[in-house]
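In my numbering, the protein residues as written are 27 to 496.
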């Protein structure tokens with residue numbers, strides 16, 4: 027099998043996006059468009075990817091470096107290189123800039139950085155069709171008007187080899203009526219591609235060097251040109267405007283939803299579901315409407331996620347229930363835990379079995395052992411909470427002294443009353459009780475009742491101040 031080198035065209039400004047951000051760095055399913063294309067290159071086992079940059083070149087190249095560092099071994103095996111296209115003189119000109127970086131012994135696959143949804147299996151079929159000896163084009167035929175895409179001109183018969191690609195702006199009325207169009211994706215033996223790139227001219231209405239003219243030169247040279255024809259236009263849809271980006275967002279989310287439901291996940295409404303990373307689900311997981319999953323999220327068997335939750339980089343164990351409007355980021359939730367509604371688990375929160383975190387409770391960098399509860403309006407930051415602790419409404423750990431963070435330890439079976447402040451560093455001894463309204467600044471012994479609040483004073487027959495008349 028021939029080695030695969032990928033050229034990704036990513037030099038365009040994307041004027042219709044009306045954004046200062048390079049077009050290929052706009053996000054789809056939480057990741058840059060270009061990252062999706064690089065993922066496809068990695069899935070093919072490409073030995074190299076040459077990214078052709080221009081507008082915002084430094085930003086684009088930095089994003090590629092970030093992709094390489096974030097994808098593990100699969101990404102690391104793809105050697106990244108960059109070619110600058112300045113000025114941008116067409117698609118053929120873009121690939122010409124990459125040509126010196128391509129080895130002559132393999133197959134070159136040309137992709138577009140703003141076409142993110144081509145399936146790796148489709149690209150593999152295209153490379154197989156190329157077979158190291160002929161030009162292979164990815165084409166689409168939906169039987170409808172091909173719009174601004176280049177038309178595929180074949181010989182006699184619908185399955186005949188391709189004779190030419192005619193750009194829409196240069197097409198005759200008869201050619202414009204053709205419904206098979208070129209997607210912009212091409213696989214070619216590298217030595218032949220380099221040969222035909224050298225023959226390109228800008229003799230056309232746009233005064234640009236068209237990559238599609240490679241086909242003309244290949245046909246004239248006697249090199250076969252074949253097409254892999256697909257019917258799913260979404261797979262090769264590009265992004266040129268915010269509207270098109272939004273349309274592709276729905277398309278990729280439909281793919282995610284279909285895959286999850288095929289695996290047994292119950293989605294209340296697949297149209298109201300967003301995955302911006304990787305979601306791993308055990309059996310009998312239920313997800314209500316409006317939920318967003320980011321990074322890597324693991325949901326154990328029987329987990330139920332209520333409506334409108336945002337969950338990122340989290341592990342939620344079997345049987346846990348996440349009530350609506352909960353925000354979880356960088357946390358681990360134990361088996362059978364009940365979280366929310368309107369709770370927030372921040373990075374470093376680790377909750378044991380059957381822990382209860384109720385409405386308007388925030389937990390950060392804290393561990394809660396089995397059976398601990400904080401049911402209302404509370405904050406636990408930099409804390410170690412023992413088994414069966416009951417943490418009262420309105421209570422907080424005061425963990426920051428203005429310069430450093432300090433830890434609070436609440437040992438097993440402690441009961442903390444409402445509206446308490448535990449000033450770290452402090453330890454509340456096992457089985458102890460903290461009276462409501464207390465500010466605890468010193469560690470307490472096990473089993474003790476600790477109360478630290480001002481003496482109550484009542485003044486009989488006190489008169490409120492009267493409002494002065496104007």
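Quick reminder that beta carbons are idealized off the backbone N, C-alpha and C, glycines included.
Source: prediction; values computed, not measured.
Rounded C-beta distance between residue i and residue j? I'm assuming under 8 Å.
| i | j | result |
| --- | --- | --- |
| residue 433 | residue 410 | 7 Å |
| residue 557 | residue 249 | Not covered by the structure: residue 557. The range shown for the chain is 27 to 496. |
| residue 87 | residue 51 | Between residue 51 and residue 87 the Cβ distance is about 11 Å, and since that is not below 8 Å, they are no contact. |
| residue 470 | residue 455 | 5 Å |
| residue 573 | residue 237 | The structure shown does not extend to residue 573, since the chain is modelled only from 27 to 496, so the question has no answer here. |
| residue 366 | residue 382 | Not confirmed; about 10 Å, so no contact. |
| residue 346 | residue 359 | 5 Å |
| residue 168 | residue 259 | 5 Å |
| residue 278 | residue 54 | 6 Å |
| residue 28 | residue 158 | 4 Å |
| residue 392 | residue 406 | 5 Å |
| residue 459 | residue 441 | 5 Å |
| residue 72 | residue 32 | 5 Å |
| residue 461 | residue 475 | 7 Å |
| residue 305 | residue 323 | 5 Å |
| residue 326 | residue 298 | Contact flag wrong, Cβ pair sits at about 23 Å. |
| residue 62 | residue 187 | So it is not a contact: roughly 31 Å between Cβ atoms. |
Mind checking who residue i pairs with in its DSSP beta bridge?
| i | result |
| --- | --- |
| residue 35 | 78, 138 |
| residue 51 | Beta-bridge pairing links residue 51 to no other residue. |
| residue 57 | 54 |
| residue 252 | 162 |
| residue 459 | 441, 475 |
| residue 448 | 423, 466 |
| residue 385 | 402 |
| residue 154 | Residue 154 pairs with nothing; no bridge assigned. |
| residue 454 | 436, 470 |
| residue 167 | 206 |
| residue 30 | 133 |
If you check the beta carbons only, do residue i and residue j fall under 8 Å apart?
| i | j | result |
| --- | --- | --- |
| residue 256 | residue 166 | yes |
| residue 390 | residue 417 | no |
| residue 77 | residue 123 | no |
| residue 262 | residue 163 | no |
| residue 213 | residue 156 | yes |
| residue 283 | residue 242 | no |
| residue 40 | residue 49 | yes |
| residue 115 | residue 234 | yes |
| residue 303 | residue 321 | yes |
| residue 307 | residue 286 | yes |
| residue 134 | residue 70 | no |
| residue 318 | residue 300 | yes |
| residue 82 | residue 110 | no |
| residue 265 | residue 396 | no |
| residue 161 | residue 240 | yes |
| residue 153 | residue 34 | no |
| residue 385 | residue 363 | no |
| residue 196 | residue 231 | yes |
| residue 101 | residue 107 | no |
| residue 413 | residue 438 | yes |
| residue 125 | residue 104 | no |
| residue 443 | residue 457 | no |
Please tell me whether, using a cut-off of 7 Å, the distance from the CB of residue i to the nearest non-hydrogen atom of the ligand ZN is below it.
| i | result |
| --- | --- |
| residue 446 | Summarising the ligand content, the structure contains no ligands, and the ligand ZN is consequently not present. |
Does any CB atom of chain D fall closer than 8 Å to the CB of residue i?
| i | result |
| --- | --- |
| residue 387 | Looking for chain D here will not work: only one protein chain is present. |
- Whole beta strand (DSSP E) elements within the region 177-248, 3-residue minimum: 177-180, 188-192, 206-215
- Item | At least three beta-carbon pairs within less than 8 Å, the region 200-213 to the region 171-178 | Below 8 Å, enough C-beta pairs join the region 200-213 and the region 171-178 to call them touching: three or more.
- Task: Please confirm if the region 60-67 is in contact with the region 139-154, defined as three or more CB-CB distances below 8 Å between the two stretches.
- Result: yes
- Evaluate the contact criterion for the region 354-373 versus the region 337-346: three or more CB pairs, one atom per stretch, below 8 Å. yes
- Touching by the beta-carbon criterion (3+ pairs, under 8 Å), the region 409-425 and the region 440-454: Because the criterion of three Cβ pairs below 8 Å is met, the region 409-425 and the region 440-454 touch.
- Task: Please list the segments of the alpha helix (DSSP H) lying wholly inside the region 290-377, counting only runs of 4 or more residues, in order along the chain.
- Result: none
- Item | Inter-stretch contact (C-beta, 8 Å, three-pair minimum) for the region 310-327 and the region 275-293 | yes
- the region 178-198 in contact with the region 268-275 per 3-pair CB rule at 8 Å: The region 178-198 makes no contact with the region 268-275, as fewer than three CB pairs between them are under 8 Å.
- Item | Those runs of the beta strand (DSSP E) which lie wholly inside the region 388-430 and span at least 3 residues | The qualifying runs are 388-390, 399-402, 405-407, 409-411, 422-424.
- Message: As an exercise, report each continuous beta strand (DSSP E) stretch of at least 3 residues that is fully enclosed by the region 60-133, in chain order.
- Response: 74-79, 105-110
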